[in-house]
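Chains as they are written, first to last, in my numbering: chain A, 1 to 128; chain B, 1 to 128.
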């Protein structure tokens, strides 16, 4: 048994694909409709990473299109960067203001931003 | 920028570590308290997989210990198995009853189970 991917639910597939590719630097590797659940999925990963992110969209008519609350089950998704200052500068240019967290106690530097649905993303740089 | 891990929030760290190691076959690779947020984390992966799962626990006194609702942000976590029937037989022996989903349209066979906090896990076997 192998943990293989994380599926988040999003409310606008095009919007989320644009965010995760343009802002978060991921690559879209697959997109398809799943008629049996009335939905559509998109599968992404980051260059050089096996970690897979699946975006799950449910149409209005789908029984899985329940009211959306982000909730606490998903605490956050973690994205590692080489140079946090450079990333923050890029975010600033496109109007993304991060929530800067306190130091983790020597593990590295990190900030939080929200994805288009309000899901927290941790962007972190490990200490050398 | 590299998607590196998924952090879920859980309400009982020992209980979740036991579930993800004993039932889901993962390996605990790190556990530590994070005093700055009033919490404790555990990091796990599956043998042969780079995909990382982080369990986030917040103490009663932590400002992050907000009321817990699983929510829809995390749709599900995906676990791949070689032999779904064998996994179901193992689950049955320990009293875990899966929710069997309809066929995905030729992509494989899959079922869903809930983790101790109510987070949906997809267990799937790809077609040969």
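Positions of the beta carbon are idealized from the N, C-alpha and C atoms, including for glycine.
Exercise. For residue 14 of chain B, does the three-state DSSP call read helix, strand or coil?
Worked result: Secondary structure at residue 14 of chain B: helix, using DSSP grouped into helix, strand and coil.
Exercise. Once you ignore the five residues that flank residue 70 of chain A on each side, which residues in its own chain have a CB closer than 8 Å to its CB?
Worked result: For residue 70 of chain A, where only same-chain residues beyond five positions count, the Cβ hits under 8 Å are 117, 118, 119.
Exercise. Residues in its own chain within less than 8 Å of residue 84 of chain A by CB, not counting five upstream and five downstream?
Worked result: Apart from sequence neighbours up to five positions away, the residues of its chain that approach residue 84 of chain A with a beta-carbon distance below 8 Å are 109, 110, 111, 123, 124, 125, ordered along the chain.
For this session: Output the distance between the C-alpha atoms of residue 78 of chain A and residue 76 of chain B, rounded to the nearest integer angstrom.
Result: When rounded, the separation of the alpha-carbon atoms in residue 78 of chain A and residue 76 of chain B is 16 Å.
Problem set entry | Residues that residue 45 of chain A bridges to, as DSSP identifies them | In the DSSP output, where bridge partners are listed per residue, residue 45 of chain A has A:27, A:52.
For this session: Please check if any C-beta of chain A sits within less than 8 Å of the C-beta of residue 99 of chain B.
Result: It does not: the Cβ of residue 99 of chain B has no partner Cβ on chain A nearer than 8 Å.
For this session: Taking only the alpha-carbon atoms, compute the straight-line gap between residue 94 of chain A and residue 19 of chain A and give it to the nearest angstrom.
Result: Near 11 Å, if we compare the C-alpha coordinates of residue 19 of chain A and residue 94 of chain A.
Exercise. At what residues does the beta strand (DSSP E) containing residue 109 of chain A begin and finish?
Worked result: Looking at the DSSP string, the run of the beta strand (DSSP E) that includes residue 109 of chain A is 108-114.
Exercise. Is there a Cβ from chain B that is less than 8 Å from the Cβ of residue 17 of chain A?
Worked result: For residue 17 of chain A, the nearest beta carbon of chain B is not closer than 8 Å to its own beta carbon.
For this session: Taking only heavy atoms of the ligand GDP into account, decide whether any of them is closer than 7 Å to the Cβ of residue 21 of chain A.
Result: In the structure on display, the ligand GDP does not appear, and there are no ligands present to speak of.
Problem set entry | Pairwise C-alpha distance: residue 86 of chain B and residue 92 of chain B | When the Cα atoms are used, residue 92 of chain B and residue 86 of chain B turn out to be separated by approximately 10 Å.
For this session: Could you spell out where the alpha helix (DSSP H) holding residue 85 of chain B opens and where it closes?
Result: Taken as a continuous stretch (DSSP letters only), the alpha helix (DSSP H) holding residue 85 of chain B covers 84-93.
Exercise. Got a sec: is the Cβ-Cβ distance from residue 30 of chain B to anything in chain A below 8 Å?
Worked result: It does not: the Cβ of residue 30 of chain B has no partner Cβ on chain A nearer than 8 Å.
Exercise. Is the beta carbon of residue 44 of chain A sitting closer than 8 Å to the one on residue 33 of chain A?
Worked result: Their beta carbons are not under 8 Å apart, which means residue 44 of chain A does not touch residue 33 of chain A by this criterion.
For this session: Please confirm if residue 95 of chain B has its CB atom under 8 Å from at least one CB of chain A.
Result: At a cut-off of 8 Å between beta-carbon atoms, residue 95 of chain B makes no contact with chain A.
For this session: Mind checking the stretch 78-89 of chain B against chain A and listing, in chain order, the residues whose C-beta falls within less than 8 Å of any C-beta there?
Result: For the stretch 78-89 of chain B, the residues whose beta carbon sits under 8 Å from a beta carbon of chain A are, in order, 78, 79, 80, 81, 87.
For this session: Over the uninterrupted beta strand (DSSP E) stretch that includes residue 78 of chain A, give me the two end residues.
Result: Run containing residue 78 of chain A: 74-80, per the beta strand (DSSP E) assignment.
Exercise. Quick one: which chain A residues come within Cβ less than 8 Å of residue 5 of chain B?
Worked result: Per Cβ cutoff of 8 Å: 51, 77, 78.
Problem set entry | Those residues which DSSP pairs with residue 125 of chain A across a bridge | Answer by DSSP bridge pairing, in chain order: A:109.
Exercise. If you follow the beta strand (DSSP E) that residue 6 of chain B is part of, which residue opens it and which one closes it?
Worked result: Run containing residue 6 of chain B: 2-9, per the beta strand (DSSP E) assignment.
Exercise. Between residue 10 of chain B and residue 56 of chain B, is the Cβ-Cβ spacing less than 8 Å?
Worked result: Cβ distance < 8 Å, so residue 10 of chain B and residue 56 of chain B count as in contact.
Problem set entry | Listed by chain order, chain B residues near residue 92 of chain A by CB distance under 7 Å | For residue 92 of chain A, there are no neighbours in chain B by C-beta distance under 7 Å, as the nearest C-beta there is about 15 Å away.
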